[in-house]
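> One structure is given below, represented as structure tokens, and several questions about it will come after.
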Amino acid sequence: MPVRSLMHLLVSKRVTVAFNRSKVSLVVMAGGLGSRFGGNKQLEGVGPNGEAFLDYAINDARNLGLGQTVIVARTDIDEELRSHLNERHGTDSEITIVHQDSFGPSRPKPWGTGHAILSTSSVLNGPIIVVNADDYYGENGIKLALEAIEDTDGTAGALVAFELRQTLSATGSVSRGICKVASSDDFLEELVETHGIRSEGGVIQADDPLGVLEEDAPVSMNLWALPLEAVNRLAGQWASFYSQNSDDPSSEFLLPEALDHQRSEGLLSIRVVKSPEKWVGITNREDLEIAQKLFSG
């Protein structure tokens, strides 16, 4: 039996032990430098009462019964981050902060999203749901991710994908992971990192790879649900990456590429769940005002 078919058979068989939501951690990636934004966009207020995107994510996770929230951040914003969290969430013992820049070799530029997730491995005790601190995935985004991994009893991964047209920026071109999904079972077949995406004359075009894209193409915005085994496998992938890229100050160990490699090796099945909601994110300073207007309504 082909490896892919065998894996799908395994994840389809229900385990008698009930899935325990309290073992699931929300991991918020908040370690970016915000170079294009010009500051710590992770804590910028977008809600009517100054809520940041990560505050909405933390509240959603708590309401869904997740056990803890792990925030991956930089050491230099630790004081500001803790002050923000204390003001918004009190002294919540279920919020853990991990410093990505204290994990592994030090350099000015963070080592990438794959490295960020690997840095949390010592504080995890079960599956995780991954979100970006500067993205908002709709009212049901985290719920969709949780239900998807719950359906497999935590043995497979899941990716909540958004329609490409719902993720375009009004302030410039963007990069997105375009998903190729199996029509028979909604499992991910390929993830293609695509750059220079923008809408021109009602047509969505991309520079790399060059071409025209369907407006309803499912894309990854880094909303993942992952079994702990997938996180642990990142350690070997990181070691291989670092041995080849340690001298490159701009190289990044990216989570989507690492997970897609696990998938291609038959180590991880990833179910794609399509969200009908609109994604909202902050990349440039101009995006902040757009997000604030959306939340004010």
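Residues 1 to 297, numbered by my numbering, are exactly what the sequence shown covers, in order. Quick reminder that beta carbons are idealized off the backbone N, C-alpha and C, glycines included. Computed from a prediction, not measured in an experiment: that's the story for all the values here.
Can you tell me which residues form a DSSP beta bridge with residue 136?
DSSP, once it has assigned bridges, lists 280 as partnering residue 136.
> My output table needs one value for residue 247: the three-state DSSP class, helix, strand or coil.
DSSP places residue 247 in coil when its eight states are reduced to three.
> Please state the DSSP three-state secondary structure of residue 151.
If DSSP states are grouped into helix, strand and coil, residue 151 belongs with the helices.
> Out of 65, 283 and 225, point me to the one whose CA is closest to residue 325's CA.
Lying before the first or after the last residue shown, residue 325 is absent from the chain, which here runs from 1 to 297.
> Rounded to whole angstroms, how far is the Cβ of residue 60 from the Cβ of residue 142, which I believe are closer than 8 Å?
Correct: roughly 5 Å between the Cβ atoms.
> Grab me the residues of residue 235's own chain with a C-beta within less than 8 Å of its C-beta, minus the 5 sequence neighbours each way, in chain order.
These residues qualify, in order along the chain: 118 and 121.
> Please classify residue 264: is it buried, with 16 or more other beta-carbons within 10 angstroms of its beta-carbon, or exposed?
Result: exposed.
> Have a look at residue 178 and residue 123 and give me their C-alpha separation to the nearest angstrom.
The alpha-carbon atoms of residue 178 and residue 123 are separated by roughly 31 Å.
> Per DSSP, what kind of secondary structure is residue 312 in: helix, strand or coil?
No answer is possible for residue 312: the residues shown for the chain start at 1 and end at 297.
> Would you call the CB atoms of residue 164 and residue 213 closer than 8 Å?
Yes. Within cutoff.
> Between the Cα of residue 95 and the Cα atoms of 72, 279, 30 and 68, which residue gives the shortest distance?
Ranking 72, 279, 30 and 68 by Cα distance to residue 95 puts 68 first.
> Nearest by alpha-carbon distance to residue 239: which of 281, 114 and 169 is it?
The candidate whose alpha carbon is nearest that of residue 239 is 114.
> CB-CB under 6 Å to residue 31, same chain, minus the five flanking residues each way: which ones, in chain order?
Only 72, 73, 74, 100, 110 and 116 meet the Cβ criterion.
> Going by C-alpha distance, which of 243, 52 and 193 is nearest residue 85?
Comparing Cα positions, the closest option is 52.
> Please confirm whether residue 249 and residue 107 have their CB atoms less than 8 Å apart.
It is a contact, given that the beta carbons lie within the stated cut-off.
> If you reduce the DSSP assignment to three classes, tell me which class residue 114 lands in.
In the structure shown, residue 114 sits in a helix (DSSP, three-state: H, G or I).
> Thinking C-alpha only, which one of 269, 274, 279 and 273 is nearest residue 385?
Outside the shown range of the chain, which is 1 to 297, sits residue 385, and nothing can be said about it.
> According to DSSP, is residue 191 part of a helix, a strand, or is it coil?
Strand.
> Of the residues 194, 70, 280 and 149, which one's Cα is nearest the Cα of residue 25?
Nearest of 194, 70, 280 and 149 to residue 25, Cα basis: 70.
> Closest to residue 220 by C-alpha separation, out of 201, 204, 190 and 245, would be which residue?
It is 190 whose Cα lies nearest to the Cα of residue 220.
> Near residue 282, what residues of its chain come up, given a Cβ to Cβ distance below 7 Å and the 5 sequence neighbours on each side ignored?
Excluding residues within five positions, the ones whose Cβ falls inside 7 Å are 37, 41, 44, 134, 288 and 291.
> Nearest by alpha-carbon distance to residue 180: which of 192, 170 and 280 is it?
Closest by alpha carbon: 192.
> Taking all protein chains shown into account, do 16 or more other C-beta atoms lie within 10 angstroms of the C-beta of residue 161, making it buried, or fewer, making it exposed?
Residue 161 should be labelled buried.
> Among 125, 139, 104 and 247, which residue has its Cα nearest to the Cα of residue 230?
Of 125, 139, 104 and 247, the residue nearest in Cα terms is 125.
> Which residue wins for smallest C-alpha separation from residue 194, given the options 187, 206, 183 and 259?
If we check each option's Cα against that of residue 194, 206 comes out closest.
> Relative to the C-alpha of residue 175, which candidate in 154, 148, 222 and 184 has its C-alpha closest?
Residue 175 has its Cα closest to that of 222, out of 154, 148, 222 and 184.
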